[in-house]
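Beneath this line is the structure, given in structure tokens, with notes to follow.
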Amino acid sequence: TKRLLELVTQKPGKTLSLQKLQADIGRIQDLYYENGYIFNSFERKESRDEATKTISYTLTVGEQDKAHSENIIFKANTKTKEDVLRREMPFEPGEAFNKEKIIEGDRNLVNLQYFKTVQPETPQGSALGLMNVVFNLEEASTADINFGITFSGAQQLGDFPISGVIKWNERDFLGRGQTVGVDLE
21 TKRLLELVTQ KPGKTLSLQK LQADIGRIQD LYYENGYIFN SFERKESRDE ATKTISYTLT
81 VGEQDKAHSE NIIFKANTKT KEDVLRREMP FEPGEAFNKE KIIEGDRNLV NLQYFKTVQP
141 ETPQGSALGL MNVVFNLEEA STADINFGIT FSGAQQLGDF PISGVIKWNE RDFLGRGQTV
201 GVDLE
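Residues 21 to 205 (this note's numbering) are what the sequence shown spells out, left to right.
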């Protein structure tokens, strides 16, 4: 209870802000979610006292067991090898469900720059208390090709006034997460 009260910014006797109240409840819910308690229920009850012109709120938390991640699933990934994607995950199947770790895994996949979009979802697993973590992926091109031509006036007899450059770079070579490139000038 002490830890939960530390998350509440609305104090008795002060002017009520519904936005701050909702933010307080959100912080409490996040604390539970970050520690694997995603099946908890949260019920907000309002009490009004017309005589003293006060409103009070009671938040009832129905605590359940921790949830655990059953599987990590990557959908619509045809190029990148699964072990390359799994190494970007800060959690493993079987660990307690953790919202922050899922967000970090999402961010890690986006930072690879192998996908146009990455959308995580958390459907129910095969049994009560188990969740699957599914990353819906849309692949993007991982190859970069650059070329250019430069024209310059010949400075000396025998100089050739045209030069060119071609560069090719693959950020996910053979789906292994390796970078390979060639520069020709």
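All C-beta atoms in this analysis are idealised placements derived from N, C-alpha and C, irrespective of residue type, glycine included.
### Task
Determine the direct distance from the alpha carbon of residue 201 to that of residue 185, and round the result to whole angstroms.
Looking at the two C-alpha atoms, the distance is approximately 13 Å.
### Task
Kindly indicate which residue of 45, 99 and 76 has the alpha-carbon position closest to the one of residue 68.
76
### Task
Quick one: which unbroken alpha helix (DSSP H) runs of 4-plus residues sit fully inside the region 111 to 154? Chain order, please.
Entirely contained in the region 111 to 154, the alpha helix (DSSP H) runs reaching 4 residues are, in chain order, 119 to 132.
#### Entry: Contacts around residue 16, its chain only, beta-carbon distance under 7 Å, and the 5 residues preceding and following it disregarded
No answer is possible for residue 16: it lies beyond the span of the chain, which begins at 21 and ends at 205.
### Query
By a C-beta neighbour count over all protein chains shown, 10 Å radius and 16 as the cutoff for buried, is residue 204 buried or exposed?
exposed
### Query
Cα separation between residue 38 and residue 79?
14 Å
### Query
Distance, Cα to Cα, residue 29 vs residue 72?
22 Å
### Message
Distance check for residue 135 and residue 172, CA to CA, integer angstroms please.
### Response
40 Å
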